[in-house]
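The next block holds one structure in the form of structure tokens; read it before the comments.
Number of protein chains: 4
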Amino acid sequence: MRSFRLVLVCQDQQAIIARVSRWIADQGGNIVNSDQHSTDPFGGTFFLRTVFVVEKNLNQAQVQERFRGFMAAMGWEGAFWRLVAEDEPKRMAILASKQAHCLLDLLWRIRSQELSAVVPCVISNHPDHEQIVESLGFSYHYVLATPQNKPEAEARIQEILEKNQVDLVVLARYMQILSPEFSERYAGHMINIHHSFLPAFKGANPYSRAKERGVKLVGATAHYVTADLDEGPIIEQDTIRVTHRDSIDDLRRKGADIERLVLGRAVRWHLEDRVLLDGSRTVVFA
Amino acid sequence: MRSFRLVLVCQDQQAIIARVSRWIADQGGNIVNSDQHSTDPFGGTFFLRTVFVVEKNLNQAQVQERFRGFMAAMGWEGAFWRLVAEDEPKRMAILASKQAHCLLDLLWRIRSQELSAVVPCVISNHPDHEQIVESLGFSYHYVLATPQNKPEAEARIQEILEKNQVDLVVLARYMQILSPEFSERYAGHMINIHHSFLPAFKGANPYSRAKERGVKLVGATAHYVTADLDEGPIIEQDTIRVTHRDSIDDLRRKGADIERLVLGRAVRWHLEDRVLLDGSRTVVFA
Amino acid sequence: MRSFRLVLVCQDQQAIIARVSRWIADQGGNIVNSDQHSTDPFGGTFFLRTVFVVEKNLNQAQVQERFRGFMAAMGWEGAFWRLVAEDEPKRMAILASKQAHCLLDLLWRIRSQELSAVVPCVISNHPDHEQIVESLGFSYHYVLATPQNKPEAEARIQEILEKNQVDLVVLARYMQILSPEFSERYAGHMINIHHSFLPAFKGANPYSRAKERGVKLVGATAHYVTADLDEGPIIEQDTIRVTHRDSIDDLRRKGADIERLVLGRAVRWHLEDRVLLDGSRTVVFA
Amino acid sequence: MRSFRLVLVCQDQQAIIARVSRWIADQGGNIVNSDQHSTDPFGGTFFLRTVFVVEKNLNQAQVQERFRGFMAAMGWEGAFWRLVAEDEPKRMAILASKQAHCLLDLLWRIRSQELSAVVPCVISNHPDHEQIVESLGFSYHYVLATPQNKPEAEARIQEILEKNQVDLVVLARYMQILSPEFSERYAGHMINIHHSFLPAFKGANPYSRAKERGVKLVGATAHYVTADLDEGPIIEQDTIRVTHRDSIDDLRRKGADIERLVLGRAVRWHLEDRVLLDGSRTVVFA
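One line per chain: the protein sequences are A, B, C and D, in this order.
Take 1 as the starting number for the first sequence in this note's numbering and just add one per residue.
Take 287 as the starting number for the second sequence in this note's numbering and just add one per residue.
Take 573 as the starting number for the third sequence in this note's numbering and just add one per residue.
Take 859 as the starting number for the fourth sequence in this note's numbering and just add one per residue.
Structure (structure tokens):
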């Protein structure tokens, strides 16, 4: 018995669920859980995520082949879909800069098997975390990145990502701005954690600006990276209370806890194909 | 075009979703949204809530009749189901005692059409709220209730409820303990708000005991009423931060805000058939 | 025995607390609670709020006179201070437009004595709420306000406020933009509730824009009104979780609950002199 | 210039603040921040925490000696007080069992200088975490603990604690029940994290019981350890939302994030002398 995960995004129309669930039943499959969403039942976009188990020993390629045939028969070739075996984890790279709290948090979630992913490489523009990352059993790549060497640095990073066949790139407080080309190459496959409740405090130094404005909560936002800085589709956000007593350093400290939680949830949901793109927004089947 | 809401609880088995969604498609129906949950895909309990629209002009009795035939054909007669037109609101009674914050909050949500229900009667063991309730346009019944006259009081309340054909009874800080018989008569149709985070501080005076214990959060719990006091299936809970500075009265004040929100959400979800019983627990398709 | 409340804002320097608390002891006073904050102990701004009781029968004017003498003796004449008897409630006006949830929430908090204030007048640019406001026992003034008659409308509102000797003006979803002159007249004495987590979604239609941006939380902000729209000192904020399922109307509904809580807390704190201005920010001794 | 921290607990009476703040001024000290609380201004208990800087070069022993003289002169010898230099960190031991999330979280907070403490020893009844703890630069002691060898195990633990001159013992998911004698020896100096919102789900397996009861939030509680299991004074609590979808393992995973945050805050506050005992409760100057 093996578990598969299907995600499907297409134009909404009659009997989609009936047909897909019939197809699953026809494979001898049993639906374990299923979520759907429609932006408008009459001609809007339909989003489906279904986990099903099949008794017989089918591999991923066979199930994909059959589903491709089904989609063609339905005339739904334009739709977006992904069908994967649940026991084949994604390959995830983590990029970090000087601050390591998000990086270490993710690595510990991987080690404790809370996140189901393979992390073949950690990349940083600072050499500082090499020892701790390697002692946790992960491979560390130091890639110097400056405003001057951006093309070379990005080429080097891309080389590492490709060599390691990475499915997902996580910017765990990676403080270098990536080129639009790089961002677009990993569109929908690169998650950033921004240390504010977007759209408040886009750009640099959000905690200083939060202190300056006198807000009573600070927050964090995990989003897909797009060429348009801090404007990508939001996956998850959360906030924490602060007071007039908190200095900028206190905001950083309190915010760091929220960054870790928010990024951990967003990465988990992405790894489990729970996040579907709806234009500049997301549908999250959490 | 009319919108219907189907809830179904049965033993999980292959192809339930395929069959039900096929049936909906066969009625010319289009699923607007749908939620399902299974406690175990192999022989556990399956929960479904589906909202669908049908183009042709079918009334509730006709759709129910057809679905009854479908269930019989499937051999699923033992299952629990409910199928209602979305534009037929439930009839809700509210019982309250001296404190009116939950009562008034619900009435205002009704008036502002945030909650879709008809409230034919408000019942209280205190005469105090008559003027404000009537000025809001609702009918007020004062029923004296003491430990001595419990049977008579409950008989009178039941009479009012039956005369008004009530589907849902909400105990909005009604401080009389109801008899097991009364509780069982409205099992699954009577919601209470308890002013603590259950199972902490079951029973009387939860805020005093919260102060005594020195907790750092107080909470509220909306649950279905059962014969076993404060042990009924929980629908919704929430908490709010308190400190050593807060007196018992401060806990009451802060707690009252949470009670209102928690009860408002629980009532809303019940009115929209989003709450399904799973033994002593609930499945909430919020 | 009578309870007084002192707030003091001055340049920080040695022995302020020692001197002020000595002065209180010299009046036979006993400090009930006290909060202080300093932006920088060496030359920053010092904020103090102290509640003390005096045994003898002193009235507010006498205590103020003595404290004025103390301040003069200290050479702190430039400092800001307020000293009031705790049993003399502020006079509060509420302005509202079409949506009444914040207005009614405040009126209920007044009626239930959760907020200690006298509300001599409710003013609205819509006639709709007259009956319910008056049935709650408050006086209702309908003042038509349009972009065209702004000067006349503001003059009429000001007349009502002055006639009623109002200390605090609460804009409880009052949707007219006030003139800079009007805003400045009530600087530090006029609280607005904005239906977003500022500085996100300043200006009009925050819920529509929140939906458009795809945020995962919506929020509300209570702030003092300044001539610069939505830029005034923030008193309180909070957020609530939303999902891709929530329509703009759902955001409005969920947000309305947060607006009520946030505004209720901000008004309470202001009425109890817990909010002190620190330039464009606030110190809140909650 | 050096910063000192004074905490004082005594019977409330007139002019305490005046006298203490005068004493600080007399040392040439300047109060940086100060919190006080009284359970009742007429004969209740008074709690004070004051941070002050003195210009001249006084060491901790000298300042303590002077304050002892002041207390004697005041006739307040029965009061509890502590006066420490802020730059002398406490010495903290961490005990853990099989699950390492709380242990590692604390060690990272130490390493990143978010918590100001020296951690001379980590003790565990499992050998598993030795490598990672040592790679982080801390000393690891494996002490086998079974129901059978409890006295020997506790004796060995105590030996390690004493040899390392430990001020604070943190039970970071240490799953052995300590003897009343051991608990009393570290009364007020030993913090436990319990994986439920106390007083709900005292004792073993709180997540299983939370699932069984069908609660909609799970929580965590940091408290001082007393001989009476899970009944010690609560320092901090928090909760996180769960749904019918969450398995017991999901509750554990979600709860683990809250445990880390709650324990991290409680330890921080204790290290900074922000937590004062008020009988079976705490006053937390957070």
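All residues carry an ideal CB built from backbone N, CA and C; glycine is no exception.
**Prompt:** Is the Cβ-Cβ distance between R621/C and D845/C less than 8 Å?
**Reply:** To locate residue 621/C, count along the third sequence from 1; it is residue 49. To locate residue 845/C, count along the third sequence from 1; it is residue 273. A contact, by the Cβ cut-off of 8 Å.
**Prompt:** How do the segment 151-164 of chain A and the segment 80-93 of chain A stand: do at least 3 beta-carbon pairs fall below 8 Å, yes or no?
**Reply:** yes
**Prompt:** Listing by chain order, which chain A residues have their CB less than 8 Å from the CB of R1111/D?
**Reply:** Here residue 1111/D is taken as the residue at index 253 of the fourth sequence, counted from 1. Under the 8 Å cutoff, chain A gives E114.
**Asked** Can you tell me whether A204/A is buried or exposed, with buried defined as 16 or more other CB within 10 angstroms of its CB?
**Response** If you number the first sequence from 1, residue 204/A lands on position 204. Exposed.
**Request:** Taking a Cβ distance cut-off of 7 Å, strictly less, list which residues of the segment 210-234 of chain A are near chain C, in chain order.
**Result:** R213, G214, V215, K216, L217, P233, I234
**Item:** Buried versus exposed, by CB contacts within 10 Å (16 or more), R813/C
**Value:** Start at 1 with the first residue of the third sequence, and residue 813/C comes out as number 241. Looking at its Cβ environment, which holds fewer than 16 other Cβ atoms inside 10 Å, R813/C is exposed.
**Request:** Return the chain-ordered list of same chain residues with a C-beta closer than 8 Å to the C-beta of M646/C, the five sequence neighbours on each side being excluded.
**Result:** Here residue 646/C refers to the residue found at position 74 when the third sequence is read from its first residue. Cβ within range, chain order: R591.
**Asked** Which residue or residues does DSSP assign as beta-bridge partners of R185/A?
**Response** Locating residue 185/A in the first sequence gives position 185, where the first residue counts as 1. DSSP, once it has assigned bridges, lists no residue as partnering R185/A.
**Message:** Within 8 Å of any Cβ in chain A, is that where the Cβ of V690/C sits?
**Reply:** Against the third sequence, residue 690/C aligns to sequence position 118. Taking Cβ atoms only, chain A never reaches closer than 8 Å to V690/C, which makes this a no.
**Prompt:** Hey, C868/D and F925/D: beta-carbon distance below 8 Å or not?
**Reply:** The sequence position of residue 868/D within the fourth sequence is 10, counting from 1. The sequence position of residue 925/D within the fourth sequence is 67, counting from 1. Going by C-beta atoms, C868/D is not nearer than 8 Å to F925/D.
**Request:** Note down, in chain order, every chain D residue with its Cβ under 8 Å from the Cβ of H101/A.
**Result:** Position 101 of the first sequence, counted from the first residue, corresponds to residue 101/A. In chain order: W966, S970.
**Asked** If you compare alpha carbons, which of A286/A, W269/A, L271/A, V262/A is closest to C102/A?
**Response** In the first sequence, counting from the first residue as 1, residue 102/A sits at position 102. Measuring from the Cα of C102/A, the nearest candidate turns out to be V262/A.
**Request:** Using three-state DSSP, classify M643/C as helix, strand or coil.
**Result:** By one-based count along the third sequence, residue 643/C stands at place 71. Residue state, collapsed to three classes: helix.
**Prompt:** If we call anything under 8 Å between Cβ atoms a contact, is G936/D one with K914/D?
**Reply:** The sequence position of residue 936/D within the fourth sequence is 78, counting from 1. The sequence position of residue 914/D within the fourth sequence is 56, counting from 1. No, these two residues do not count as a Cβ contact at 8 Å.
**Request:** Would you kindly check if the distance between the Cβ of A1124/D and the Cβ of E1089/D is under 8 Å?
**Result:** Counted from its first residue, the fourth sequence places residue 1089/D at position 231. Counted from its first residue, the fourth sequence places residue 1124/D at position 266. No. Outside cutoff.
**Request:** Sort out for me which residues DSSP pairs D278/A with in a bridge.
**Result:** To locate residue 278/A, count along the first sequence from 1; it is residue 278. Answer by DSSP bridge pairing, in chain order: R281/A.
**Message:** Measuring straight from C-alpha to C-alpha, what distance separates H481/B and S469/B?
**Reply:** Translated into the one-based positions of the second sequence, residue 481/B becomes position 195. Translated into the one-based positions of the second sequence, residue 469/B becomes position 183. Each residue's Cα considered, the two are about 19 Å apart.
**Asked** So what's G505/B in DSSP terms, helix, strand or just coil?
**Response** The residue labelled residue 505/B in the question sits at position 219 within the second sequence. Of the three classes helix, strand and coil, the one that applies to G505/B here is strand, per DSSP.
**Request:** State buried or exposed for G298/A, treating a residue as buried only when at least 16 other CB atoms are found within 10 Å of its CB.
**Result:** There is simply no residue 298/A to check, as chain A begins at 1 and stops at 286 in what is shown.
**Prompt:** In chain C, which residues lie with their C-beta within 9 Å of the C-beta of T146/A?
**Reply:** Along the first sequence, read from residue 1 onward, the residue named residue 146/A stands at position 146. Those within 9 Å of T146/A in chain C number zero; the least Cβ separation is about 32 Å.
**Request:** Just mark D1086/D as buried or exposed, buried being the case when its beta carbon has 16 or more other beta carbons within 10 Å.
**Result:** By 1-based counting over the fourth sequence, the position of residue 1086/D is 228. Counting Cβ neighbours within 10 Å, D1086/D comes out exposed, since fewer than 16 surround it.
**Item:** Where Q894/D falls, given that 16 or more other Cβ within 10 Å makes a residue buried
**Value:** Start at 1 with the first residue of the fourth sequence, and residue 894/D comes out as number 36. Looking at its Cβ environment, which holds 16 or more other Cβ atoms inside 10 Å, Q894/D is buried.
**Message:** Check for me: the alpha helix (DSSP H) holding D884/D runs from which residue to which?
**Reply:** Here the question's residue 884/D lines up with position 26 in the fourth sequence. Segment 874-884, the alpha helix (DSSP H) holding D884/D.
**Request:** Under the assumption that V909/D contacts M859/D (Cβ atoms under 8 Å), give the Cβ distance between them as a whole number of angstroms.
**Result:** Along the fourth sequence, one-based indexing puts residue 909/D at 51. Along the fourth sequence, one-based indexing puts residue 859/D at 1. That belief does not hold up - the Cβ atoms of V909/D and M859/D are roughly 13 Å apart, past 8 Å.
**Asked** Apart from the five residues on each side of it in sequence, which residues of its chain come closer than 8 Å, Cβ to Cβ, to S955/D?
**Response** Position 97 of the fourth sequence, counted from the start, is the residue given in the question as residue 955/D. Within the same chain, S955/D has close Cβ partners S982, N983, H984, R1031, Y1032, M1033, Q1034.
**Item:** D598/C versus I875/D, D963/D, W881/D, residue with shortest Cα-Cα distance
**Value:** The residue labelled residue 598/C in the question sits at position 26 within the third sequence. Answer by Cα proximity: I875/D.
**Asked** In the structure shown, what three-state DSSP assignment does Q322/B receive?
**Response** Here residue 322/B refers to the residue found at position 36 when the second sequence is read from its first residue. The answer is strand: DSSP assigns Q322/B an E or B state.
**Request:** Taking only beta carbons into account, state which residues of the segment 827-842 of chain C come closer than 7 Å to chain B, listed in chain order.
**Result:** D829, L833
**Asked** Thinking C-beta only, is R594/C closer than 8 Å to E658/C?
**Response** Counting from one through the third sequence, the residue named residue 658/C turns up at place 86. Counting from one through the third sequence, the residue named residue 594/C turns up at place 22. Contact flag unset, no.
**Message:** Please tell me whether V119/A and F138/A are closer than 8 Å, where the distance is taken between their beta carbons.
**Reply:** On the first sequence, position 119 is the one that residue 119/A refers to. On the first sequence, position 138 is the one that residue 138/A refers to. Their beta carbons are under 8 Å apart, which means V119/A touches F138/A by this criterion.
**Message:** In the DSSP output, which residue or residues are listed as bridge partners for A951/D?
**Reply:** Here residue 951/D refers to the residue found at position 93 when the fourth sequence is read from its first residue. Paired residues: C979/D, V1027/D.
**Message:** Contact defined as beta carbons within less than 8 Å: I believe A1080/D pairs with I1106/D. What is the distance between those atoms, to the nearest angstrom?
**Reply:** In the fourth sequence, residue 1080/D corresponds to position 222, counting from 1. In the fourth sequence, residue 1106/D corresponds to position 248, counting from 1. Contact doesn't hold; Cβ gap of about 22 Å is too wide.
**Item:** Counted within 10 angstroms of its Cβ, other Cβ atoms place T146/A as buried (16 or more) or exposed
**Value:** Along the first sequence, one-based indexing puts residue 146/A at 146. Exposed, because fewer than 16 other Cβ atoms sit within 10 Å of the Cβ of T146/A.
**Item:** Complete alpha helix (DSSP H) runs within the segment 1080-1120 of chain D (minimum length 4 residues, chain order)
**Value:** none
**Asked** Helix, strand or coil: which one does DSSP assign to V7/A?
**Response** Against the first sequence, residue 7/A aligns to sequence position 7. Three-state result, V7/A: strand.
**Message:** Just to confirm, is the Cβ distance from R397/B to G550/B under 8 Å?
**Reply:** Here residue 397/B corresponds to residue number 111 of the second sequence, with the count starting at 1. Here residue 550/B corresponds to residue number 264 of the second sequence, with the count starting at 1. No, Cβ-Cβ distance for R397/B and G550/B is not below 8 Å.
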